[in-house]
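Chemist: Numbering (the numbering used here), first residue to last: 215 to 422.
Virtual Cβ for every residue (Gly too), placed ideally from N, Cα, C.
The structure's right below; bear with me while I get my questions together.
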């Protein structure tokens, strides 16, 4: 009989991340702007979200579906202005020592501003050091080459075989899905690379 895995404690998280900070989402973070992110043509294309218009009430229901234990929902906010620019979902499988992550930068002007790279450093420290997990994974549509190439540059590994295809929520066609992973040794090695050191210095300078 496998050993019993203790249920994780409820998390209330806050991490500085350079120009941004990352924290546990609250119910009053629901907004129509957030709802609009999910039906934006860019989001529909890269994440295969439903093209239907969503409402603030839909987002409130989505927030309530997270227990903030094994299923975490974190918001990405700009420091100073405290503008909500995106969110991260983290599904934890303690028994398998891994977590599944997905991230959305909803505000267009922040998509190429280093938000993802900045927030992933404290997030992965939490996953690997705080929770003691061994691996983090992400599913990416193969057509989203920009994200795949970006994650490979950061040190993620692309699984050689595609996952089971998924149906497009726009036209019903089959879409190729790929799994990418980053393990604890990979993240530790990344922090010593040129790009890793550059991001670390940027984060330290912002906190100083």
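Can you list, in chain order, the residues of its chain whose CB lies under 8 Å from that of residue 379, leaving out five sequence neighbours each side?
Modeler: Residue mapping note: residue 379 aligns to position 165 of the chain shown, counting from 1. Once the five neighbours on either side are set aside, the close Cβ partners of residue 379 are 388, 389, 390 and 391.
Chemist: Which residues share a DSSP beta bridge with residue 268?
Modeler: Counting from 1 along the chain shown, the entry for residue 268 is found at position 54. Beta-bridge pairing links residue 268 to no other residue.
Chemist: Per DSSP, residue 303 is paired with what?
Modeler: Looking up residue 303 in the chain shown gives position 89. In the DSSP output, where bridge partners are listed per residue, residue 303 has 287 and 316.
Chemist: With distances taken from CA atoms, which of 324, 329, 302 and 247 is nearest residue 314?
Modeler: On the chain shown, position 100 is the one that residue 314 refers to. Answer by Cα proximity: 302.
Chemist: Using only the alpha-carbon positions, how far apart do residue 278 and residue 243 sit?
Modeler: On the chain shown, position 64 is the one that residue 278 refers to. On the chain shown, position 29 is the one that residue 243 refers to. Using only the alpha carbons, I get a separation of about 11 Å.
Chemist: Can you look up residue 354 in the DSSP assignment and give me helix, strand or coil?
Modeler: Here residue 354 corresponds to residue number 140 of the chain shown, with the count starting at 1. Correct three-state label for residue 354: strand.
Chemist: Identify every residue that forms a DSSP beta bridge with residue 228.
Modeler: Position 14 of the chain shown, counted from the start, is the residue given in the question as residue 228. In the DSSP output, where bridge partners are listed per residue, residue 228 has 237.
Chemist: For the structure I just gave you, are there three or more beta carbon pairs, one from the stretch 321-340 and one from the stretch 289-305, closer than 8 Å?
Modeler: Yes, since at least three Cβ pairs between the stretch 321-340 and the stretch 289-305 fall closer than 8 Å, the two stretches touch.
Chemist: Report the residue from 292, 289, 353 and 237 whose alpha carbon sits nearest the alpha carbon of residue 396.
Modeler: By 1-based counting over the chain shown, the position of residue 396 is 182. Of the listed residues, the one whose Cα sits closest to residue 396 is 353.
Chemist: Relative to the C-alpha of residue 329, which candidate in 382, 236 and 346 has its C-alpha closest?
Modeler: Numbered from 1 along the chain shown, position 115 holds the residue referred to as residue 329. Cα-wise, what sits closest to residue 329 is 236.
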